[in-house]
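Here is the structure we will look at.
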Amino acid sequence: MNARLTPAVTNPELDAFWMPFTANRQFKANPRLLARAKGMYYTTADGREVLDGVAGLWCVNAGHGRREITEAVTKQLETMEFAPTFQMGHPIAFELANRLAKIAPPGLDRIFFTNSGSESVDTALKIAVAYHRARGAGQRTRLIGREKGYHGVGFGGMSVGGMVNNRKFFGSSMLPGVDHLPHTLDLEHNAFSRGIPQWGAHLANELERLVALHDASTIAAVIVEPVAGSAGVVLPPAGYLKRLREICDKHDILLIFDEVITGFGRVGKPFAALAFEVTPDLITTAKGLTNGAIPMGAVFSQRKIYDAFMQGPENTIELFHGYTYSAHPVACAAALATQDIYAKEGLLTRAATLSAPWENAVHSLRGLPHVIDIRNYGLIGAVELEPRQGKPGARGFDVFLKCFERGVMVRQTGDTIAMAPPLVIETKQIERIVETLGAVLRETD
Ligand code: PXG
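First residue of the sequence shown: 161, per this note's numbering; consecutive thereafter.
Here you go:
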């Protein structure tokens with residue numbers, strides 16, 4: 161029995177919603193309720209404007225309240241609110257897949273639809289394992305993730321993920337046959353790097369060590385985030401991703417990039433694979449696909465993988481996998497409208513033009529109290545704070561809260577403050593985010 165149960169019924173109106181990834185009791189004692197959103201701003205339930213420094217949750221890339229998406233969704237709801245995609249189809253699902261294939265990195269033009277990043281990850285892992293079986297290498301079932309990686313909350317994604325809090329509560333329920341590469345965050349070598357850190361490409365060679373340990377013939381795939389977001393922004397050292405690709409090629413191991421955060425313009429190209437000029441075999445996406453307006457994810461697959469499944473009698477279901485809401489018509493409509501906006505406004509590359517002022521702005525916080533590292537790439541920034549003695553995360557949470565009270569929403573992971581504003585941000589708003597964070601740091605103990 162736990163003698164220190166503290167259920168704290170603080171607000172009967174709020175208690176029924178068991179909130180995700182939230183300190184429920186703390187939140188319900190002091191709720192932060194968002195009521196409306198437009199452009200770069202949220203409005204709280206009590207009427208305060210809050211500048212969105214994290215694109216909702218890394219997803220609202222084109223800014224809030226986009227009329228084109230609302231209209232497309234409304235029209236689709238009126239035309240056909242739902243249609244199955246199991247043994248049936250509807251036109252905009254194909255239209256969207258074709259559309260996405262056109263912006264995909266070379267060769268990744270076969271698209272499987274899901275409803276979230278977690279589902280995209282589990283889908284990609286399943287495709288990887290089934291692909292090897294389809295080509296007669298069914299013993300390749302092992303999956304390699306990375307420490308500090310975040311790949312959502314499904315059992316597959318959690319198992320290849322490497323964030324201790326996502327793993328420790330679920331103990332032995334992890335997938336078997338999973339191993340992890342070391343992460344690439346090293347303040348001793350790389351603190352305050354501007355953009356991509358120069359030190360650490362050799363860490364990719366750890367994959368050779370895992371191959372030597374398990375034998376390549378047992379390994380199906382390696383999954384990494386090209387730029388990790390949830391762990392507090394972890395950047396790939398220069399040359400690291402290329403090296404991973406080479407080792408995977410050498411041993412016939414599939415390389416999966418989890419681009420749930422980096423996909424759709426966050427790093428200045430449509431995908432991080434294009435920014436780093438490394439082409440994986442599978443890419444997982446969600447979030448920015450629909451500007452966050454309707455849940456949807458997509459897995460981009462190399463054509464050779466899709467083709468490997470297209471064998472046997474034509475009436476067999478080649479991939480025994482899918483979701484009731486795969487390619488939901490309303491989500492497809494939202495995604496198409498979103499892609500129209502991205503194309504019309506050049507948003508998939510806008511972060512490239514903003515990355516220099518963004519880098520200068522976030523690095524201007526160097527030297528402020530508690531700041532032990534600053535990281536940036538594309539329109540992603542992170543400020544890492546020295547933890548308070550014996551209270552990891554407490555300072556980070558204080559800073560997050562004070563920023564919110566001063567009208568700027570950032571994201572906190574432990575003692576790291578992460579920022580990833582909508583790609584429509586203006587330089588004045590970049591300044592406002594950084595000035596607010598700076599002022600808060602100066603007054604936080
Ligand atoms: N992969 C990556 C790389 C992600 O960042 C997921 C998978 C899972 O997506 P869904 O849609 O199932 O949540 C994510 C999600 C944060 C934060 O604060 C990031 C995510 C979710 C919640 C918070 O960094 N990313």
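C-beta: ideal position from N, C-alpha, C; glycine also.
Under 8 Å, do residue i and residue j count as touching if we go by C-beta distance?
i	j	result
Gly457	Glu591	no
Gly448	Arg426	yes
Ile577	Val594	no
Gln499	Ser377	no
Phe600	Arg566	Just to set this straight, residue 600 is Val in the shown sequence, not Phe. Yes, Cβ-Cβ distance for Val600 and Arg566 is below 8 Å.
Thr230	Tyr483	no
Leu508	Pro430	yes
Val420	Ile540	no
Pro440	Phe417	yes
Leu545	Gly598	no
Gly574	Gly550	no
Pro357	Leu303	no
Trp218	Ala580	yes
Leu442	Ala284	yes
Ile407	Leu373	no
If you count every other CB in all the chains shown that lies within 10 Å of the CB of residue i, and 16 or more means buried, which is it?
i	result
Ala487	buried
Gly322	buried
Leu514	buried
Met161	Per-residue confidence for Met161 stands at a pLDDT of 44, beneath the threshold of 50, marking its modelled position as unreliable; the derived number appears in the next sentence. Label assigned to Met161: exposed.
His349	exposed
Thr422	buried
Val308	It is Lys, not Val, that sits at residue 308 in the sequence shown. Under this definition Lys308 is a buried residue.
Ser666	Any question about residue 666 goes unanswered here, given that the chain covers just 161 to 605.
Ala176	exposed
Arg602	exposed
Val338	buried
Met248	exposed
Pro572	Here residue 572 is Gln; the residue named in the question, Pro, does not match the sequence. Buried.
Trp178	exposed
Leu211	buried
Arg526	exposed
Ala391	buried
Ala215	buried
Pro172	exposed
With a threshold of 6 Å on Cβ separation, who are the neighbours of residue i within its own chain once the five nearest residues in sequence on each side are excluded?
i	result
Leu256	Cys492, Ala495, Leu496
Leu347	Asp533
Asn475	none
Leu479	Phe469
Ala288	Ala380, Ala381, Leu414
Arg196	Thr203
Tyr485	Asn275
Phe403	It is worth fixing the name first, because residue 403 is Arg in this sequence and not Phe. Once the five neighbours on either side are set aside, the close Cβ partners of Arg403 are Ala361, Ala364.
His411	Val371, Ala376
Could you pull out every residue in the same chain whose Cβ sits closer than 8 Å to the Cβ of residue i, ignoring the five residues on either side in sequence?
i	result
Glu505	Ala222, Val584
Arg354	Glu519, His523, Asn536
Arg192	Thr204, Phe564
Can you name, in chain order, every residue of its own chain whose Cβ lies under 7 Å from the Cβ of residue i, other than the five neighbours on each side?
i	result
Asp605	none
Val490	Val233, Gln236, Leu237, Glu241, Ile454
>> Please give the ranges of any alpha helix (DSSP H) in the segment 398 to 475, keeping only runs that are unbroken, at least 4 residues long and fully inside the region.
In response: The segment 398 to 475 contains these whole alpha helix (DSSP H) runs: 400 to 411, 432 to 435, 463 to 469.
- prompt: Enumerated in chain order, which unbroken segments of the alpha helix (DSSP H) with a length of 4 residues or greater are wholly contained in the segment 553 to 600?
  reply: Counting only runs of 4 or more, we get 554 to 565.
Whole beta strand (DSSP E) runs in the segment 331 to 370 with 3 or more residues, listed along the chain?
338 to 341
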